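Participant: Below is the structure I would like to discuss, written out as structure tokens.
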Amino acid sequence: MKSTQVDVLYHLSGFWYVVVTPSTDELTYVIVVDTATGNPFYSGIPYVDIFTDHSIAVKNLTDTGATIKAHGDGLIGLVSCENSTTIAIIDKSEVTATLPGDHQVKTLRHATYIYIPLRGNPSKTSPFEDFHAHNKYYFCDTYDLTHLFPSNSRTNQKSNTSTSTGNGEITGESKGELSGEFNGENSDSKYSEPDEGFLWNVGWKRPFVKLGIPHICVDLLQGACVSQEFSNHGFSMIYIARRSSINPGTRFSARGLNERNYPGNEVECELIFIRNGEFWSQQWRRGSIPLRWKTTLSSKIGQPKHRVADDYMNGTSEYFKDLFNRFGDDVEVRCISLLKYSDSEHAEKEISDTYKKAIDQLNEEGLKNILFVPFDLDKRLKNDGKSQTISQFLSVINPMTQNDGFTKGTLPNIVTERQKGLLRINCADSLDRTNLATFYYAMLATARWCLQQKVGLVPTLTLDITHPELIFDKLITEFLAVRFVETGNIISKLYTNTNAIKSNAIRAFAPNLINNSIDASISVKRRVHNVINDPVRQKLIELWTNPPKLNWYHRLDPNHIFLVPNDHGPTFPRQVLSSDVQPIEISANRLVICLPCPMIPFSLIILLFPSKQHLEGVTVQGGMSLSSMKSLTHLALPTVEQPMWCRYKLRNAGTQGIKPGKCGYARFISLDFEAEGTFTIGSIKLEGRSIYSGEALKDQANPENNFSTKKEDLRSLPASELNERLLSHNVPLDEVQKLPIWEKVNRLRQILKASAHQEEDDTKIAQYSNNFDQYFKSMMNLNDTLELEKLRVGLEVSEEIRFNQAIQKCLNPWLVDARSQLIAAPTYLCAFCRMPVINETPFYYAQSTVFPGMIEKSENKLGFAVCANCNQLAENLAKGTEEYLQTVEPPNKSIPHFQTGKFQLVNGKIETFTTESTSAFLRFNQNCKNCTNPTTSTPSLTNDSCDSDRCNCVSESCESLLWASGGSFQMRAGGIKDLEVFIVRQAVILKIRIESSSKYLTVFDGSGNQLEKSSDDPLEFTSHDHPITQLLKFAIRADEDLTLHKIQVFYVCTEFPFEDLPKSAIEPPVFPLVSVMNTQYDPNKRTEVLKLPNLAKITAVQIEMVVERGVSTPLSLCIAFYQKRQLIYSKHFVLPEVPNGAKMWYFFNNGFTIEADHIRVYYLDRVASCKPHILKFVIE
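In the UniProt record's numbering, the protein residues as written are 1 to 1180.
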């Protein structure tokens, strides 16, 4: 069995790469982590994310300049917390046990933490550097150790890399964090689901569960797993101690039951015997008392006191039911309590009595197979010594367990008999006394097995079962003694940060064990740790076991941004998407990018160089296909004095006070540059939130757009009413009479939709304008502004109207924007009268979540305060909001479907074909009237199949033909479907495979040539010339009524054509002199004014950015030019995020001369406060 390989590499462009080749998989996986967001990304694309060999994957990265930073044999996972990301790998491990089938169990000897500080984090070390994992954790690549032996083998396992996300669900979450059922398919290769209760890197593995590749991480268990072969006796032994992760923590923090009804320091143990293809397993539990209780320290030197909660049995029955679920309903559980119970003054007396009372109550409630057995181990050791104590303990245990037997069976995993009883042993801490008692029990179980099998026995046999050391070979005794001392220390260190006490009683059975500790000294150390170190350790343990979930924002690396070629003109060079920092001369104006998965675009980063060119701006659009592109924003691009990375936030319209874009999730991004002739730019980068976030589609910029006016269901209307309404919209009578009922619904819906998008009603605008004039004459306080906003929303007048009317009156639109004023409202004054709220309890209101320019009552005292005198005003406005909310309904939120494909090696190469991650349909028309629903007998408007003779749109159901699970798309006899598929890599097309309800169909290439059918089962078509392309056009003709289920284009990846780019000869810009006249800034109005002595021509503006820590940097401003207070021209600028002091030039090449006598700069950002930039104008 090969070993797992892990390499971590770093590229100077700001990307980390984790290369993992699991020992159970034939493929190598590459995960990229960007230093801007710290989030991992993987999309399952062959030769981008998946490789045939580990060395090939590493070389592919080192050839681009990446360097290896760490190497290991196991990946623990990834965590993002405290403004940083940590990747944890195992770089040193040792095989400490071998299970039947040659499954090697490794103990972690050293872990390396790759620390990635994010923006603004000065720390240089990971918070987990102090989490000492060495020697306390173990794992097995090929066997599931989280379940009782025998469990599932993972040998030669192939990952199901499909990750289905759609309809608001992210798979892998519903059945616990690490459910193996990612999309309900390929059950033959399903990831063996571990038991989270014994898994200590659940949070670390969580990102890779989302990505569909959980098997690249180890399953990390806490405790010990050791084995030894006794060849002289013909058998071997395995000892497993797995500590539960459900109630993690330090000694006094994780005691008794927690909110998940699980006790602290719970350990499940198994002693397994292997002989002649058979196995025998003895199982037991040890843990804190399963009640609600805690321990308190009255002082740093005082004795701890145990406190039993009033609801001490809350969760106790659930805990025991969990034991029955794991070990069997008929098993008898004997709770062996080692607490001091005879001394009425001892701190353990109360909890011991309560424990017995709880067990009695459980018996009365129907859980009768639970016994309480007290045994004061400390008292016996003190009074009778070590030798007598084992005899006394086993004298109690032996009678009740002698008929329990073992869990036994034949290898690899056939169980023929189950253990009938279960010991559950505890003391106060489940540490020292418990470890000694479990050692005694292990000795008893070993003696029974040796006697039963007649192996391993001493020559002179003594049949006193209470002295097992006299029954079997001393080598076996020494194995048990050494392992129980070591395991006891491990569990004690995890719980108390010290070795275990009372180990000397175990060492007596193995004289070769060195005793270098004194119990009294350990007790003192424990108290020091309890008081001083445990609070810090507790926080670290909680952070390790329950790290924050990722936000799934990404800065895409160049390998995951794919350029879509232009068939009808010049294409952008691929170099513009690389990490090269050099100017590139561009002759095309349109750049189309395909993203590796559906993403919500958030930022566009462009490298600009000083250049004398006519590059005015860029329009950014996004969509799930090229035919469904929607606006994101328009950006005015500056001329820069030095090379500069300009980062534009695409979805910040809500905070920038501008009209929000309409694009939600996008698979394609288009950039249309406004330039005359060729222009020069550098690299382009993209940031976005991936579909792995599970975020339902919504408009982040303007939440009120999440809601729509309630609409009637046109499908429920009778035919007569449909006819009447169509006629009222001037549809000819003869046409109405010919239309089928479904087409009448479709036609009326189109008419109503068109009406909704007409220009706003002049009457409403006039009414709003009149009220705006009155508002302008008022005090324009918060109440006036909220009333105006209420009117605007009620009249359905756009914010653009309000914006234009404000600047027409020389007024900053920020002042008349109720949303902005609510954000800027002081928290220590009444928001309405701006007076201090003294000697009274204020009323609290907040922005409406639906209409953010209106208010609603706040129940949790968040938002802003209102005094008693102004409360009636606020209450009336809040009632108005409630009335508006009754007229709207929530939108249908959804997540696009996305699955990464499952690939395998064929003849040493990855068999590549089109999936949702490797390809996408370019044309997608959701509103195609020719598409019908295959699940109904009559056509409808859900776009699920095509009803025309020939259609080149891609409906939602047609898109499902790329799904790994397949979809459904109906075609009628004679119908032709034109398809255009974009493949993310340059591809040599081999064949097209189609899964269909009928084999009677014909396939044509993009030129209309019929492809040869090369196979009927599966149905495959080939072309003799094997085109090399990224844009594959073909058509399917149905020769009878049929349903398509899946289309797969098989191809071989090849290199892109070499780009011989001319060296960009940049002509440096010539910057004109700026005016020395200074502007005046009014912070209350957020307006900057420059008054000119005479009418003058303005040709440009220089903006010097002011960026200060702790102060909001304004990124949205409007520059307006006036003559005698009459607006001549205005232009809105969305500024990029750039360093402090950066200078940007904007030239007003608007086709006419701007002459003005004064200039106003309006800062529009919806932030509580901001500081203006330094603006200087070029005035002629």
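Backbone N, C-alpha and C define an ideal beta-carbon position, used for all residues, glycine too.
Quantities reported herein were computed from a predicted structural model and do not represent experimental measurements.
Quick check on the DSSP output: the alpha helix (DSSP H) that includes residue 630 runs from which residue to which?
Facilitator: Careful: residue 630 lies outside any alpha helix (DSSP H), inside the beta strand (DSSP E) at 630-636.
Participant: Residue 528 to residue 1084, Cα distance in whole Å?
Facilitator: Distance between the alpha carbons of residue 528 and residue 1084 is about 57 Å.
Participant: May I have the straight-line CA-CA distance separating residue 168 from residue 894, to the nearest angstrom?
Facilitator: Confidence in residue 168 is poor, its pLDDT being 35 and thus under 50, which makes the residue's placement too unreliable to answer from.
Participant: Kindly list the residues whose CB is nearer than 8 Å to the CB of residue 832, restricted to its own chain and excluding five residues on each side of it in sequence; keep chain order.
Facilitator: These residues qualify, in order along the chain: 781, 782, 783, 866, 867, 870, 873, 874.
Participant: In whole angstroms, give me the CA-to-CA distance for residue 876 and residue 787.
Facilitator: Approximately 10 Å, taken between the alpha carbons.
Participant: What number of angstroms, rounded off, separates the C-alpha of residue 613 from the C-alpha of residue 652?
Facilitator: Rounded to the nearest angstrom, the two C-alpha atoms are 28 Å apart.
Participant: For residue 237, write down the residues that DSSP places opposite it in a beta bridge.
Facilitator: DSSP, once it has assigned bridges, lists 228, 273 as partnering residue 237.
Participant: Looking at C-alpha atoms only, which residue of 809, 765, 815, 828 is the closest neighbour of residue 798?
Facilitator: If we check each option's Cα against that of residue 798, 765 comes out closest.
Participant: For residue 503 versus residue 482, is the C-beta spacing smaller than 8 Å?
Facilitator: No, the Cβ-Cβ distance between residue 503 and residue 482 is not below 8 Å.
Participant: Quick one: Cα of residue 854 to Cα of residue 1104, how far?
Facilitator: Looking at the two C-alpha atoms, the distance is approximately 35 Å.
Participant: Indicate the three-state DSSP secondary structure (helix, strand or coil) for residue 719 in the structure shown.
Facilitator: If DSSP states are grouped into helix, strand and coil, residue 719 belongs with the helices.
Participant: In this structure, how does DSSP classify residue 963 when only helix, strand and coil are distinguished?
Facilitator: Of the three classes helix, strand and coil, the one that applies to residue 963 here is coil, per DSSP.
Participant: Suppose the cutoff is 8 Å on Cβ atoms and the five residues either side in sequence are ignored; what does the same chain contact list for residue 355 look like?
Facilitator: Only 289, 291, 335, 337, 339, 372 meet the Cβ criterion.
Participant: Under DSSP, the beta strand (DSSP E) around residue 679 begins and ends at which residues?
Facilitator: Taken as a continuous stretch (DSSP letters only), the beta strand (DSSP E) holding residue 679 covers 679-681.
Participant: Go ahead and pull the three-state DSSP assignment for residue 251.
Facilitator: If DSSP states are grouped into helix, strand and coil, residue 251 belongs with coil.
Participant: Any idea what DSSP makes of residue 585, helix, strand or coil?
Facilitator: Reduced to three states, the DSSP call for residue 585 is strand.
Participant: When the Cα atoms are used, what is the spatial distance from residue 1183 to residue 210?
Facilitator: Since the displayed the chain opens at 1 and closes at 1180, residue 1183 lies outside it and no answer follows.
Participant: Which two residues bound the contiguous alpha helix (DSSP H) that contains residue 818?
Facilitator: Here the alpha helix (DSSP H) through residue 818 covers 818-824.
Participant: Taking the alpha helix (DSSP H) that residue 843 belongs to, which residues open and close that run?
Facilitator: Per DSSP, residue 843 belongs to no alpha helix (DSSP H); it is in the beta strand (DSSP E), 843-847.
Participant: Just verifying my parser: in three-state terms, what is the DSSP assignment at residue 880?
Facilitator: Helix.
Participant: Going along the chain, which residues of its own chain have a beta-carbon closer than 8 Å to the beta-carbon of residue 178, five neighbours each way excluded?
Facilitator: Residue confidence for residue 178 is low, a pLDDT of 42 falling below 50, so the modelled location carries little weight and cannot support an answer.
Participant: How long is the line joining the alpha carbons of residue 550 and residue 676, rounded to whole angstroms?
Facilitator: Whole-angstrom Cα-Cα distance: 43 Å.
Participant: Leaving aside the five residues before and after residue 789 along the sequence, list all residues of the same chain whose C-beta is less than 7 Å from its C-beta, in chain order.
Facilitator: Contacts found: 818, 853, 854.
Participant: If you run the structure through DSSP and keep just helix, strand and coil, what is residue 90?
Facilitator: It is a strand residue.
Participant: Which residue's Cα is closest to the Cα of residue 899: 399, 918, 802?
Facilitator: The shortest Cα separation from residue 899 among 399, 918, 802 belongs to 918.
Participant: In chain order, what are the residue ranges of uninterrupted beta strand (DSSP E) at least 3 long that sit wholly in the stretch 101-139?
Facilitator: Within the stretch 101-139, the complete beta strand (DSSP E) runs of at least 3 residues are 103-117, 137-139.
Participant: Across the stretch 503-513 and the stretch 416-431, are there enough close Cβ pairs to call them in contact, namely three or more that are closer than 8 Å?
Facilitator: The stretch 503-513 is not in contact with the stretch 416-431.
Participant: Looking at C-alpha atoms only, which residue of 1112, 400, 377 is the closest neighbour of residue 390?
Facilitator: Checked all of 1112, 400, 377; the closest Cα to residue 390 is 377.
Participant: Taking the C-alpha atoms as reference points, what is the distance between residue 418 and residue 285?
Facilitator: Spanning the two alpha carbons is a distance of roughly 16 Å.
Participant: For residue 363 and residue 321, what's the separation of their Cα atoms in angstroms?
Facilitator: Using only the alpha carbons, I get a separation of about 13 Å.
Participant: Near residue 343, what residues of its chain come up, given a Cβ to Cβ distance below 8 Å and the 5 sequence neighbours on each side ignored?
Facilitator: The answer, listed in chain order, is 349.
Participant: Residue 1155: which of 1123, 1168, 1132 sits nearest, CA to CA?
Facilitator: Closest option to residue 1155, Cα to Cα, is 1123.
Participant: Scan the stretch 46-83 and note each continuous beta strand (DSSP E) run of 3 residues or more that stays entirely inside, going in chain order.
Facilitator: Fully enclosed beta strand (DSSP E) runs of 3 or longer: 67-72, 74-81.
Participant: When the distance is taken between beta carbons, is residue 278 closer than 8 Å to residue 421?
Facilitator: No. Outside cutoff.
Participant: Compare the C-beta of residue 272 with all C-beta atoms of chain D and state if any pair is closer than 8 Å.
Facilitator: Here chain D cannot be found, since the structure has a single protein chain.
Participant: In its own chain, which residues sit with a C-beta less than 6 Å from the C-beta of residue 556, not counting the 5 before and 5 after it?
Facilitator: Within the same chain, residue 556 has close Cβ partners 686.
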